[in-house]
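Here the sequence shown is numbered in the numbering used here, starting from 6 and rising by one per residue. Quick reminder that beta carbons are idealized off the backbone N, C-alpha and C, glycines included.
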Amino acid sequence: MPLINIIRGETIPVAPLNVRTPFVKLPIWLVVVWEIFKALYWLFINYVRHWYVTLPITLLTALYVVHGWQALTAVVGGIAAAATGWSFAHRPSWLRFGWWPALAKLRRFVYRRRWMAAMVTANLSISYDKRTIIPQIRRVRCRAGGCDEVLVRMVTGQIPDDFAKASERLAQTFGVRQVKAIPGPAYGSVVLVLMRGDTLREIVKPLAVPFKPDFTALPIGVQEDGDLYRLRLFGTQVLIVGATGSGKGSAIWSIVRALAGGVGSGLVELWGLDPKGGMELGIGRPLFAKFAAHDFAEMAAMLEHAAATAQDRAARLAGLTRQHVPTENEPLIVLIIDELANLTAYLTERQLKDRIKAALGIVLTQGRAVGVHVIAAIQDPRKEVLPARGLFPTRIGLRLSEPAEVDLVLGDNMRDRGALCDRIPQTQPGTGFVVLEGDPTPMRIRLTYCDDTTVRDMAADYGVAE
(Lines of atoms letter the chains of each structure in order from A and count residues from 1; the text may use other names and numbers.)
(Lines give C-alpha, C1' and ligand atoms only; values in the text may rest on other atoms or scores of the structure.)
Protein backbone atom coordinates (compact mmCIF):
# COMPACT_ATOMS: atom_id res chain seq x y z
CA MET A 1 0.00 0.00 0.00
CA PRO A 2 1.60 3.34 -1.03
CA LEU A 3 2.52 5.89 1.56
CA ILE A 4 0.22 8.87 1.80
CA ASN A 5 0.19 12.03 3.82
CA ILE A 6 -2.48 14.61 4.39
CA ILE A 7 -1.04 18.13 4.22
CA ARG A 8 -3.47 21.02 4.79
CA GLY A 9 -6.42 18.84 3.89
CA GLU A 10 -4.89 17.47 0.65
CA THR A 11 -3.92 13.83 0.10
CA ILE A 12 -0.34 13.63 -1.19
CA PRO A 13 0.62 10.17 -2.53
CA VAL A 14 4.10 8.76 -2.04
CA ALA A 15 5.09 11.37 0.51
CA PRO A 16 7.59 9.90 2.95
CA LEU A 17 7.29 12.74 5.47
CA ASN A 18 4.47 14.82 6.83
CA VAL A 19 5.80 18.36 6.16
CA ARG A 20 3.87 21.25 7.61
CA THR A 21 4.56 24.98 7.36
CA PRO A 22 5.46 26.20 10.82
CA PHE A 23 3.42 29.02 12.34
CA VAL A 24 4.99 31.30 14.91
CA LYS A 25 2.73 33.60 16.85
CA LEU A 26 4.34 36.94 17.70
CA PRO A 27 3.01 39.41 20.20
CA ILE A 28 1.56 42.54 18.67
CA TRP A 29 3.96 44.82 20.52
CA LEU A 30 6.95 43.07 18.92
CA VAL A 31 5.50 43.56 15.42
CA VAL A 32 4.89 47.25 16.13
CA VAL A 33 8.43 47.73 17.45
CA TRP A 34 9.90 45.98 14.40
CA GLU A 35 7.92 48.16 11.96
CA ILE A 36 8.95 51.31 13.84
CA PHE A 37 12.57 50.21 13.73
CA LYS A 38 12.38 49.61 9.95
CA ALA A 39 10.78 53.03 9.42
CA LEU A 40 13.44 54.79 11.50
CA TYR A 41 16.21 52.94 9.66
CA TRP A 42 14.70 53.97 6.29
CA LEU A 43 14.48 57.60 7.42
CA PHE A 44 18.10 57.56 8.64
CA ILE A 45 19.44 56.05 5.40
CA ASN A 46 17.58 58.58 3.25
CA TYR A 47 18.57 61.44 5.54
CA VAL A 48 22.24 60.59 5.09
CA ARG A 49 21.93 59.74 1.40
CA HIS A 50 20.23 63.04 0.57
CA TRP A 51 22.23 65.18 2.97
CA TYR A 52 22.42 68.04 0.46
CA VAL A 53 18.65 68.53 1.00
CA THR A 54 18.05 67.26 4.51
CA LEU A 55 20.95 69.08 6.19
CA PRO A 56 19.98 72.60 4.99
CA ILE A 57 16.35 71.92 5.96
CA THR A 58 17.46 70.81 9.42
CA LEU A 59 19.64 73.86 9.96
CA LEU A 60 16.96 76.27 8.75
CA THR A 61 14.35 74.61 10.93
CA ALA A 62 16.63 74.84 13.96
CA LEU A 63 17.29 78.50 13.18
CA TYR A 64 13.56 79.19 13.03
CA VAL A 65 12.87 77.38 16.31
CA VAL A 66 15.69 79.09 18.20
CA HIS A 67 15.67 82.63 16.74
CA GLY A 68 12.31 83.02 15.02
CA TRP A 69 11.20 83.87 11.51
CA GLN A 70 13.16 87.15 11.35
CA ALA A 71 16.49 85.36 11.56
CA LEU A 72 15.32 82.73 9.07
CA THR A 73 14.24 85.42 6.60
CA ALA A 74 17.55 87.27 7.00
CA VAL A 75 19.63 84.14 6.34
CA VAL A 76 17.57 83.02 3.34
CA GLY A 77 17.58 86.53 1.90
CA GLY A 78 21.33 86.83 2.40
CA ILE A 79 21.99 83.50 0.66
CA ALA A 80 19.73 84.50 -2.25
CA ALA A 81 21.44 87.89 -2.57
CA ALA A 82 24.91 86.31 -2.48
CA ALA A 83 23.95 83.74 -5.14
CA THR A 84 22.45 86.46 -7.34
CA GLY A 85 25.52 88.63 -6.98
CA TRP A 86 27.78 85.67 -7.76
CA SER A 87 25.79 84.86 -10.90
CA PHE A 88 26.17 88.42 -12.19
CA ALA A 89 29.80 88.84 -11.11
CA HIS A 90 31.18 85.62 -12.63
CA ARG A 91 28.54 83.57 -14.37
CA PRO A 92 30.81 80.71 -15.61
CA SER A 93 31.93 79.79 -12.08
CA TRP A 94 28.38 80.19 -10.75
CA LEU A 95 27.09 77.79 -13.37
CA ARG A 96 29.90 75.29 -12.84
CA PHE A 97 29.99 75.19 -9.04
CA GLY A 98 26.51 76.38 -8.12
CA TRP A 99 23.69 75.98 -10.61
CA TRP A 100 24.72 72.83 -12.50
CA PRO A 101 25.53 70.74 -9.37
CA ALA A 102 22.26 71.78 -7.71
CA LEU A 103 20.27 70.98 -10.85
CA ALA A 104 22.08 67.63 -11.16
CA LYS A 105 20.92 66.62 -7.68
CA LEU A 106 17.33 67.43 -8.62
CA ARG A 107 17.63 65.56 -11.92
CA ARG A 108 19.05 62.52 -10.18
CA PHE A 109 16.02 62.40 -7.92
CA VAL A 110 13.72 62.59 -10.96
CA TYR A 111 15.59 59.86 -12.84
CA ARG A 112 15.67 57.55 -9.81
CA ARG A 113 11.88 57.69 -9.51
CA ARG A 114 11.45 56.29 -13.03
CA TRP A 115 14.60 54.20 -13.17
CA MET A 116 13.21 50.79 -12.26
CA ALA A 117 10.32 51.06 -14.73
CA ALA A 118 12.63 52.36 -17.44
CA MET A 119 15.12 49.50 -17.08
CA VAL A 120 12.44 46.80 -17.00
CA THR A 121 10.37 48.10 -19.93
CA ALA A 122 13.50 48.69 -22.03
CA ASN A 123 14.65 45.09 -21.40
CA LEU A 124 17.78 46.27 -19.59
CA SER A 125 17.06 44.37 -16.37
CA ILE A 126 18.45 40.89 -15.68
CA SER A 127 16.64 38.07 -13.87
CA TYR A 128 19.02 35.97 -11.82
CA ASP A 129 18.41 33.61 -8.93
CA LYS A 130 14.76 34.72 -8.68
CA ARG A 131 15.85 38.36 -8.41
CA THR A 132 15.58 41.29 -10.78
CA ILE A 133 18.91 43.10 -11.14
CA ILE A 134 19.00 46.51 -12.81
CA PRO A 135 21.83 48.88 -13.77
CA GLN A 136 22.60 51.50 -11.13
CA ILE A 137 22.87 55.29 -11.45
CA ARG A 138 26.29 56.43 -10.24
CA ARG A 139 26.38 60.11 -11.12
CA VAL A 140 24.34 62.79 -12.88
CA ARG A 141 25.87 65.87 -14.47
CA CYS A 142 24.03 68.73 -16.13
CA ARG A 143 25.49 70.57 -19.09
CA ALA A 144 24.58 73.63 -21.09
CA GLY A 145 21.96 73.29 -23.78
CA GLY A 146 19.58 71.10 -21.77
CA CYS A 147 21.92 68.10 -21.67
CA ASP A 148 22.18 65.61 -18.79
CA GLU A 149 24.92 63.00 -18.52
CA VAL A 150 23.96 59.98 -16.42
CA LEU A 151 26.79 57.62 -15.50
CA VAL A 152 25.41 54.09 -15.16
CA ARG A 153 27.06 50.95 -13.84
CA MET A 154 25.93 48.14 -16.10
CA VAL A 155 24.91 44.69 -14.97
CA THR A 156 27.46 41.94 -15.62
CA GLY A 157 27.10 40.77 -19.19
CA GLN A 158 25.80 44.06 -20.60
CA ILE A 159 27.58 46.29 -23.11
CA PRO A 160 26.97 49.94 -24.11
CA ASP A 161 25.33 48.83 -27.37
CA ASP A 162 22.51 47.29 -25.31
CA PHE A 163 21.64 50.76 -24.05
CA ALA A 164 22.11 52.28 -27.50
CA LYS A 165 19.53 49.92 -28.99
CA ALA A 166 17.06 50.92 -26.28
CA SER A 167 17.73 54.65 -26.61
CA GLU A 168 14.36 55.52 -28.18
CA ARG A 169 12.49 53.67 -25.43
CA LEU A 170 14.50 55.50 -22.79
CA ALA A 171 13.83 58.85 -24.47
CA GLN A 172 10.08 58.21 -24.35
CA THR A 173 10.23 57.04 -20.72
CA PHE A 174 12.13 60.10 -19.47
CA GLY A 175 10.34 62.55 -21.75
CA VAL A 176 13.43 63.88 -23.52
CA ARG A 177 14.15 64.56 -27.18
CA GLN A 178 16.93 62.00 -27.56
CA VAL A 179 19.11 59.61 -25.58
CA LYS A 180 22.63 58.66 -26.65
CA ALA A 181 24.70 55.89 -25.08
CA ILE A 182 28.48 56.18 -25.10
CA PRO A 183 31.10 54.00 -23.32
CA GLY A 184 31.79 55.16 -19.79
CA PRO A 185 35.15 56.18 -18.28
CA ALA A 186 35.56 52.79 -16.56
CA TYR A 187 34.94 49.21 -17.62
CA GLY A 188 31.40 48.12 -16.94
CA SER A 189 29.95 51.63 -17.21
CA VAL A 190 28.01 53.58 -19.81
CA VAL A 191 27.11 57.26 -20.05
CA LEU A 192 23.56 58.10 -21.10
CA VAL A 193 23.35 61.57 -22.63
CA LEU A 194 19.78 62.83 -22.35
CA MET A 195 18.91 65.78 -24.60
CA ARG A 196 15.95 67.73 -23.25
CA GLY A 197 16.03 70.76 -25.52
CA ASP A 198 17.27 71.57 -29.02
CA THR A 199 19.98 74.22 -29.14
CA LEU A 200 20.32 73.83 -32.92
CA ARG A 201 16.82 75.00 -33.78
CA GLU A 202 17.92 78.45 -34.96
CA ILE A 203 19.87 79.22 -38.14
CA VAL A 204 23.60 79.69 -37.54
CA LYS A 205 24.91 82.89 -39.07
CA PRO A 206 28.21 82.90 -41.02
CA LEU A 207 31.27 82.94 -38.81
CA ALA A 208 34.14 85.37 -39.16
CA VAL A 209 36.74 84.36 -41.75
CA PRO A 210 39.99 83.38 -39.97
CA PHE A 211 42.93 85.45 -41.19
CA LYS A 212 45.12 82.33 -41.16
CA PRO A 213 43.17 79.07 -41.20
CA ASP A 214 43.99 76.42 -38.63
CA PHE A 215 43.81 73.24 -40.71
CA THR A 216 43.38 71.15 -37.57
CA ALA A 217 40.35 73.15 -36.35
CA LEU A 218 38.30 74.91 -39.02
CA PRO A 219 35.20 76.59 -37.50
CA ILE A 220 32.23 75.54 -39.63
CA GLY A 221 29.24 75.31 -37.29
CA VAL A 222 27.87 74.92 -33.78
CA GLN A 223 27.66 71.86 -31.54
CA GLU A 224 24.75 70.90 -29.32
CA ASP A 225 26.50 72.30 -26.25
CA GLY A 226 26.75 75.72 -27.87
CA ASP A 227 30.48 75.57 -28.64
CA LEU A 228 31.86 76.02 -32.13
CA TYR A 229 32.39 72.85 -34.09
CA ARG A 230 35.87 72.79 -35.60
CA LEU A 231 36.65 70.41 -38.45
CA ARG A 232 40.07 68.80 -38.68
CA LEU A 233 41.13 68.84 -42.33
CA PHE A 234 44.71 67.64 -41.95
CA GLY A 235 44.92 63.89 -42.40
CA THR A 236 41.39 63.32 -43.65
CA GLN A 237 38.96 63.41 -46.55
CA VAL A 238 35.42 64.68 -46.03
CA LEU A 239 32.19 63.17 -47.35
CA ILE A 240 28.90 65.08 -47.05
CA VAL A 241 25.71 63.07 -47.60
CA GLY A 242 22.17 64.40 -47.50
CA ALA A 243 18.82 64.36 -49.24
CA THR A 244 17.60 67.19 -51.44
CA GLY A 245 17.26 70.37 -49.39
CA SER A 246 19.19 68.99 -46.42
CA GLY A 247 21.87 71.69 -46.54
CA LYS A 248 24.79 70.18 -48.46
CA GLY A 249 25.50 73.67 -49.78
CA SER A 250 25.75 74.95 -46.20
CA ALA A 251 28.39 72.31 -45.47
CA ILE A 252 30.42 73.17 -48.56
CA TRP A 253 30.36 76.93 -48.11
CA SER A 254 30.99 76.69 -44.36
CA ILE A 255 34.23 74.83 -45.07
CA VAL A 256 35.14 77.17 -47.93
CA ARG A 257 34.56 80.19 -45.68
CA ALA A 258 36.87 78.73 -43.04
CA LEU A 259 39.56 78.33 -45.75
CA ALA A 260 38.95 81.67 -47.48
CA GLY A 261 41.69 83.48 -45.55
CA GLY A 262 44.20 80.90 -46.78
CA VAL A 263 42.93 81.35 -50.34
CA GLY A 264 43.61 85.07 -50.15
CA SER A 265 47.11 84.56 -48.73
CA GLY A 266 48.06 81.81 -51.16
CA LEU A 267 48.27 78.98 -48.60
CA VAL A 268 45.19 77.23 -50.03
CA GLU A 269 44.10 76.37 -53.56
CA LEU A 270 40.49 75.42 -54.14
CA TRP A 271 39.67 73.29 -57.16
CA GLY A 272 35.98 73.21 -57.95
CA LEU A 273 34.17 70.40 -59.75
CA ASP A 274 30.46 71.10 -60.24
CA PRO A 275 28.90 68.49 -62.56
CA LYS A 276 25.51 70.24 -62.24
CA GLY A 277 26.66 73.00 -64.55
CA GLY A 278 27.98 75.35 -61.86
CA MET A 279 24.64 75.91 -60.12
CA GLU A 280 26.17 75.50 -56.65
CA LEU A 281 29.85 76.44 -56.90
CA GLY A 282 29.62 78.92 -59.75
CA ILE A 283 28.48 81.74 -57.47
CA GLY A 284 31.89 81.66 -55.77
CA ARG A 285 33.92 81.19 -58.95
CA PRO A 286 36.69 83.72 -58.04
CA LEU A 287 37.66 81.58 -55.04
CA PHE A 288 38.66 78.60 -57.20
CA ALA A 289 42.08 78.34 -58.78
CA LYS A 290 40.71 75.61 -61.10
CA PHE A 291 37.06 75.17 -61.99
CA ALA A 292 35.09 72.78 -64.19
CA ALA A 293 31.33 72.64 -64.55
CA HIS A 294 30.39 71.34 -68.00
CA ASP A 295 33.22 69.31 -69.51
CA PHE A 296 33.62 65.88 -67.84
CA ALA A 297 36.90 65.34 -69.65
CA GLU A 298 38.22 68.50 -67.97
CA MET A 299 37.06 67.17 -64.60
CA ALA A 300 38.86 63.89 -65.22
CA ALA A 301 42.01 65.81 -66.13
CA MET A 302 41.75 67.87 -62.92
CA LEU A 303 41.47 64.73 -60.81
CA GLU A 304 44.42 63.16 -62.63
CA HIS A 305 46.44 66.33 -62.05
CA ALA A 306 45.58 66.18 -58.34
CA ALA A 307 46.59 62.49 -58.22
CA ALA A 308 49.92 63.23 -59.92
CA THR A 309 50.56 66.11 -57.52
CA ALA A 310 49.87 63.85 -54.54
CA GLN A 311 52.27 61.20 -55.85
CA ASP A 312 55.01 63.75 -56.58
CA ARG A 313 54.74 65.25 -53.09
CA ALA A 314 54.75 61.81 -51.50
CA ALA A 315 57.95 60.92 -53.31
CA ARG A 316 59.68 64.14 -52.19
CA LEU A 317 58.44 64.07 -48.58
CA ALA A 318 59.07 60.37 -47.96
CA GLY A 319 61.37 59.96 -44.98
CA LEU A 320 61.25 63.68 -44.13
CA THR A 321 57.81 64.26 -42.63
CA ARG A 322 54.46 62.57 -42.26
CA GLN A 323 52.37 65.72 -42.73
CA HIS A 324 52.72 68.31 -45.48
CA VAL A 325 52.89 71.91 -44.26
CA PRO A 326 51.26 74.36 -46.72
CA THR A 327 53.34 77.22 -48.10
CA GLU A 328 52.76 79.77 -50.84
CA ASN A 329 54.97 77.77 -53.16
CA GLU A 330 53.28 74.49 -52.28
CA PRO A 331 49.78 75.27 -51.03
CA LEU A 332 47.14 73.00 -49.61
CA ILE A 333 44.97 71.72 -52.46
CA VAL A 334 41.29 71.13 -51.67
CA LEU A 335 39.04 69.58 -54.30
CA ILE A 336 35.41 70.63 -53.82
CA ILE A 337 33.04 68.22 -55.62
CA ASP A 338 29.37 69.16 -55.44
CA GLU A 339 27.64 65.98 -56.69
CA LEU A 340 30.12 63.13 -56.75
CA ALA A 341 27.62 60.58 -58.08
CA ASN A 342 27.58 62.37 -61.44
CA LEU A 343 31.24 61.42 -61.81
CA THR A 344 31.26 57.92 -60.32
CA ALA A 345 27.87 56.44 -61.26
CA TYR A 346 25.77 58.50 -63.64
CA LEU A 347 28.46 59.29 -66.21
CA THR A 348 27.71 57.29 -69.37
CA GLU A 349 31.16 57.45 -70.98
CA ARG A 350 32.91 54.36 -69.64
CA GLN A 351 36.44 55.54 -70.37
CA LEU A 352 35.97 58.85 -68.57
CA LYS A 353 34.32 57.10 -65.64
CA ASP A 354 37.26 54.71 -65.28
CA ARG A 355 39.75 57.59 -65.42
CA ILE A 356 37.83 59.50 -62.76
CA LYS A 357 37.55 56.49 -60.44
CA ALA A 358 41.24 55.66 -60.77
CA ALA A 359 42.40 59.24 -60.12
CA LEU A 360 39.93 59.72 -57.28
CA GLY A 361 41.15 56.53 -55.62
CA ILE A 362 44.75 57.75 -55.70
CA VAL A 363 43.83 61.14 -54.24
CA LEU A 364 41.71 59.62 -51.47
CA THR A 365 44.35 57.09 -50.43
CA GLN A 366 47.55 59.11 -50.90
CA GLY A 367 46.52 62.75 -50.66
CA ARG A 368 45.71 63.13 -46.97
CA ALA A 369 49.28 63.40 -45.70
CA VAL A 370 50.63 65.45 -48.62
CA GLY A 371 48.07 68.25 -48.62
CA VAL A 372 45.66 67.12 -51.34
CA HIS A 373 42.18 66.82 -49.84
CA VAL A 374 38.71 66.04 -51.16
CA ILE A 375 35.45 67.50 -49.87
CA ALA A 376 32.68 65.72 -51.73
CA ALA A 377 28.91 66.02 -51.47
CA ILE A 378 26.52 63.31 -52.60
CA GLN A 379 22.82 62.60 -52.35
CA ASP A 380 22.65 58.84 -52.94
CA PRO A 381 24.84 56.88 -50.47
CA ARG A 382 24.41 53.42 -52.02
CA LYS A 383 27.58 51.39 -52.57
CA GLU A 384 26.99 51.04 -56.31
CA VAL A 385 26.84 54.85 -56.54
CA LEU A 386 29.89 55.51 -54.35
CA PRO A 387 32.11 52.43 -54.07
CA ALA A 388 34.93 54.47 -52.46
CA ARG A 389 32.80 55.52 -49.47
CA GLY A 390 35.16 53.80 -47.04
CA LEU A 391 38.04 56.06 -48.10
CA PHE A 392 36.46 59.11 -46.42
CA PRO A 393 37.50 59.08 -42.73
CA THR A 394 35.29 62.08 -41.91
CA ARG A 395 31.62 61.81 -42.79
CA ILE A 396 28.85 64.33 -42.31
CA GLY A 397 25.35 62.90 -42.47
CA LEU A 398 22.63 65.49 -43.01
CA ARG A 399 18.92 64.71 -43.32
CA LEU A 400 18.45 61.29 -44.92
CA SER A 401 15.34 59.63 -46.29
CA GLU A 402 15.48 56.21 -44.62
CA PRO A 403 16.84 54.80 -41.33
CA ALA A 404 18.91 52.20 -43.21
CA GLU A 405 20.86 54.97 -44.96
CA VAL A 406 22.26 56.22 -41.65
CA ASP A 407 24.42 53.16 -41.01
CA LEU A 408 25.24 53.03 -44.71
CA VAL A 409 26.68 56.55 -44.59
CA LEU A 410 28.12 56.86 -41.09
CA GLY A 411 28.97 53.26 -40.25
CA ASP A 412 27.48 50.25 -38.52
CA ASN A 413 25.24 50.89 -35.50
CA MET A 414 25.64 54.67 -35.75
CA ARG A 415 21.89 55.18 -35.71
CA ASP A 416 21.62 53.18 -32.49
CA ARG A 417 24.33 55.40 -31.04
CA GLY A 418 22.24 58.51 -31.67
CA ALA A 419 22.80 59.59 -35.29
CA LEU A 420 19.12 60.00 -36.18
CA CYS A 421 19.67 61.56 -39.60
CA ASP A 422 16.28 60.31 -40.79
CA ARG A 423 14.59 62.26 -37.96
CA ILE A 424 16.05 65.66 -38.85
CA PRO A 425 13.12 67.93 -39.81
CA GLN A 426 13.06 69.64 -43.19
CA THR A 427 12.84 72.97 -41.37
CA GLN A 428 16.43 72.55 -40.10
CA PRO A 429 18.69 72.38 -43.16
CA GLY A 430 22.36 72.21 -42.32
CA THR A 431 21.75 70.06 -39.23
CA GLY A 432 23.57 66.76 -39.23
CA PHE A 433 25.84 64.30 -37.48
CA VAL A 434 29.61 64.04 -37.84
CA VAL A 435 31.45 60.77 -37.43
CA LEU A 436 35.24 60.55 -37.32
CA GLU A 437 37.24 57.44 -38.11
CA GLY A 438 37.86 55.48 -34.93
CA ASP A 439 35.33 57.46 -32.86
CA PRO A 440 32.15 55.48 -32.12
CA THR A 441 30.19 58.53 -30.96
CA PRO A 442 28.41 60.71 -33.54
CA MET A 443 28.33 64.45 -32.88
CA ARG A 444 25.27 66.52 -33.73
CA ILE A 445 26.02 69.92 -35.26
CA ARG A 446 24.42 72.66 -37.33
CA LEU A 447 26.47 74.22 -40.08
CA THR A 448 26.49 77.91 -40.83
CA TYR A 449 24.20 79.26 -43.54
CA CYS A 450 25.88 81.40 -46.21
CA ASP A 451 23.36 83.01 -48.54
CA ASP A 452 24.18 84.12 -52.10
CA THR A 453 25.15 87.63 -51.00
CA THR A 454 27.53 86.29 -48.37
CA VAL A 455 29.21 83.98 -50.89
CA ARG A 456 29.57 86.77 -53.47
CA ASP A 457 31.09 89.14 -50.91
CA MET A 458 33.48 86.42 -49.74
CA ALA A 459 34.51 85.68 -53.32
CA ALA A 460 35.10 89.38 -53.97
CA ASP A 461 37.21 89.80 -50.81
CA TYR A 462 39.31 86.65 -51.00
CA GLY A 463 39.05 85.41 -54.57
CA VAL A 464 42.18 85.06 -56.67
CA ALA A 465 40.92 83.50 -59.94
CA GLU A 466 40.59 85.53 -63.09
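DSSP, read as helix, strand or coil, puts residue 411 in helix. Under the 8 Å Cβ criterion, the segment 337-354 counts as touching the segment 274-284, having at least three qualifying pairs. Under DSSP, residue 224 takes part in a beta bridge, and its partners are 235. Using a C-beta cut-off of 8 Å, the segment 192-199 makes contact with the segment 154-163, since at least three inter-stretch Cβ pairs fall below that distance.
Beta-bridge annotation (DSSP): residue 448 is paired with 439.
Under the rule that a run must span 3 or more residues, the beta strand (DSSP E) segments found entirely inside the segment 267-299 read 273-278, 293-297.
Counting other Cβ atoms within 10 Å of its Cβ, residue 48 stays below 16 and is therefore classed as exposed. Taken through DSSP and simplified to helix, strand or coil, residue 149 comes out as coil. Per DSSP, the unbroken alpha helix (DSSP H) holding residue 113 starts and ends at 105-126. Each of 308, 35, 433, 209 was checked against the Cα of residue 249, and the nearest Cα belongs to 433. Around the CB of residue 349, 16 or more other CB atoms lie within 10 Å, so the residue is classed as buried.
Non-local beta-carbon contacts of residue 381 in its own chain, meaning distances under 6 Å to residues more than five positions away in sequence, involve 244, 342, 345 in chain order. Sequence-distant Cβ neighbours of residue 367 in its own chain, meaning closer than 8 Å and more than five residues away, are 312, 315, 316. The alpha-carbon separation between residue 188 and residue 168 amounts to approximately 10 Å. Rounded to the nearest whole angstrom, the CA to CA distance from residue 50 to residue 62 is 16 Å. Here the alpha carbons of residue 338 and residue 276 stand approximately 7 Å from one another.
Per DSSP, the unbroken alpha helix (DSSP H) holding residue 307 starts and ends at 301-322. Residue 48 sits in a helix when the DSSP states are folded into three classes. Straight-line spacing of the CA atoms in residue 224 and residue 260 works out to 8 Å. Burial check for residue 256: the Cβ neighbour count within 10 Å reaches 16 or more, so the residue is buried. Straight-line spacing of the CA atoms in residue 442 and residue 140 works out to 30 Å. The secondary-structure analysis by DSSP pairs residue 378 across a beta bridge with 339. Distances from the CA of residue 304 to each of 465, 106, 358, 233 were compared; the closest alpha carbon is that of 358. Cβ-Cβ separation between residue 318 and residue 273: approximately 15 Å, too far for a contact (criterion under 8 Å).
Beta-bridge analysis with DSSP links residue 154 to 146, 198.
In summary, residue 242 is buried, with 16 or more beta-carbon neighbours lying within 10 Å of its beta-carbon over all protein chains present. Per DSSP, reduced to three states, the secondary structure at residue 243 is strand. A distance below 6 Å between beta-carbons, with the five flanking residues on each side excluded, links residue 110 to the following residues of its chain, in chain order: 57.
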